[in-house]
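Note that the working numbering numbers the sequence shown so that position 82 is 81, with each residue one more than the last. All C-beta atoms, glycine included, are put in the ideal place defined by N, C-alpha and C.
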Amino acid sequence: MGAVTEDPLSLRLAEAIHDAFGDLVSDQGLTRPELAAACASVASGEAFDARFRVFVGLGLLQRPRGKAYEGRYVFNPTSGAALLVFERLAEAGGVEEIMTMLGRTHDSLQQGLLDEGQLAAKLRRARRDLSINTGHLLRLVRSKSIEELVGERHHHRSKAVLLGHAQRLVEAVSSHFPRLRTSGTRLIHEALRYAAAVDEFYDRLLQQASARRDFSMLLPEQYLTAALNAPVDALADVFAATVFDPASVEITAAQVLVAAETRRPPAPRRRPARPAALPPGPDPVEAAREKARQLRRRRAASMELWLDGGQEADLTAALRALPWPAAVAAVVDLLQASADPTTPFFLQVGDGILVESAGTVTYASPLSLYRLPADASGAADPDASEEQEEWA
0 MGAVTEDPLS LRLAEAIHDA FGDLVSDQGL TRPELAAACA SVASGEAFDA RFRVFVGLGL
60 LQRPRGKAYE GRYVFNPTSG AALLVFERLA EAGGVEEIMT MLGRTHDSLQ QGLLDEGQLA
120 AKLRRARRDL SINTGHLLRL VRSKSIEELV GERHHHRSKA VLLGHAQRLV EAVSSHFPRL
180 RTSGTRLIHE ALRYAAAVDE FYDRLLQQAS ARRDFSMLLP EQYLTAALNA PVDALADVFA
240 ATVFDPASVE ITAAQVLVAA ETRRPPAPRR RPARPAALPP GPDPVEAARE KARQLRRRRA
300 ASMELWLDGG QEADLTAALR ALPWPAAVAA VVDLLQASAD PTTPFFLQVG DGILVESAGT
360 VTYASPLSLY RLPADASGAA DPDASEEQEE WA
């Protein structure tokens, strides 16, 4: 589209004035000398004075109370919004503004904020703006240099989005105001003309890019789209006439060592050696088990002797009559037999203490031995009992 103003210095000076007021903490405004000092890097002397008078006349700068004698000025907020519009136009061009207008018109229509006359005026405005942009674009393609086309390309990147906005608005217009369908159709027709002009614009850019082999003529997103969507043969054809230097393989010794270390096969697994054969002779484990069985049988026989064929027996007097070493051995034997879950005997130790200073057993507690029924003996696995005896 070219510049949004024929005097770029005026736009830069307006932005400098905006920045000066934006950094101002006080609400009293700035004097003309203060503004001249703040904008000295942009314009000074007659260039500043001439544009300062224009800004005052246009209302960009205003006096706080509107009195001619006031020497201070404040910035008009509406002018700040205008600078934002200028910046957006310089970056994206007028087509982005048309899309914004189409979107706002659709939203206002859906909210019931537009009557038929207002909507018709907005449709005409959008159609006429598109017609102007289409004509300008076609003139560029057919009569301007490739350098001017390259500078214009970022203004025409939203063809599909614009068509979508126009179609959505026309559908809403047809449902709310059927009498405006003709205006909507004309808007769609103009949007299609603009889309065709954009295609012609990029066709010429592609032709020039191919002829000059200048890949800077297209936008980065266009190359990304081609890389993602174009067939392999088409991508390869771009470099069909390109001469490449032969590839050179340069590998350092450190890289070789790192590669060998990371790709080294795992160490082979070795089967553990067979255990050594047992020495000849009796099995020590089986010998221990046999010893435990004999000990258990001996204890059971000893318990039978104490009971003398009965179900219970008071052993207090008999134990006190024994020599004290024999009495201690007998008590230990009785306790171990009572603790063995595979033997049907239970030893009860009384709470009292019997004292006989002249006897062989000076101190003793009452002891009674009982034969347990077969189902209450808690008979366990013989092997488990044998292991218990082994560790006893």
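Item, Value
"Spatial distance of Phe54 from Ala13 (CA atoms)", "8 Å"
"Cβ pair Arg288, Ala336 closer than 8 Å", "no"
"Cβ contact check for the stretch 99 to 119 and the stretch 65 to 73: 3 or more pairs under 8 Å", "no"
"Assumed close pair Ser367, Leu306 - CB separation to whole angstroms, cut-off 8 Å", "In fact, because the Cβ distance is near 11 Å, the residues do not count as touching under 8 Å."
"Residues sharing a beta bridge with Arg71, DSSP", "Thr30"
"Separation of Gly44 from Ala37, as counted between CA atoms", "13 Å"
"Of the listed residues Leu318, Ala35 and Gly349, nearest to Gly358 (C-alpha basis)", "Leu318"
"The beta strand (DSSP E) enclosing Ser130, as first and last residue numbers", "Segment Glu115 to Ser142 is the alpha helix (DSSP H) holding Ser130; no beta strand (DSSP E) there."
"Cβ neighbours of Phe238 in the same chain (closer than 7 Å, five flanking residues each side left out)", "none"
"Buried/exposed call for Glu303, threshold 16 Cβ in 10 Å", "exposed"
"Of the residues Ala363, Thr342, Phe344 and Asp202, the one placed nearest Ile352, counting alpha carbons only", "Ala363"
"Beta carbon of Leu108 nearer than 8 Å to that of Leu122", "no"
"DSSP three-state assignment for Ala19, whether helix, strand or coil", "helix"
"Among Thr251, Pro177 and Arg126, the one whose alpha carbon lies nearest that of Glu115", "Pro177"
"From Pro264, Thr342, Val284 and Trp323, residue whose alpha carbon lies closest to that of Arg295", "Thr342"
"Best match in Ser174, Leu179, Arg141 and Ile187 for proximity to Val160 [C-alpha to C-alpha]", "Ile187"
"Local Cβ density within 10 Å of Phe344, reported as buried at 16 or more and exposed below that", "buried"
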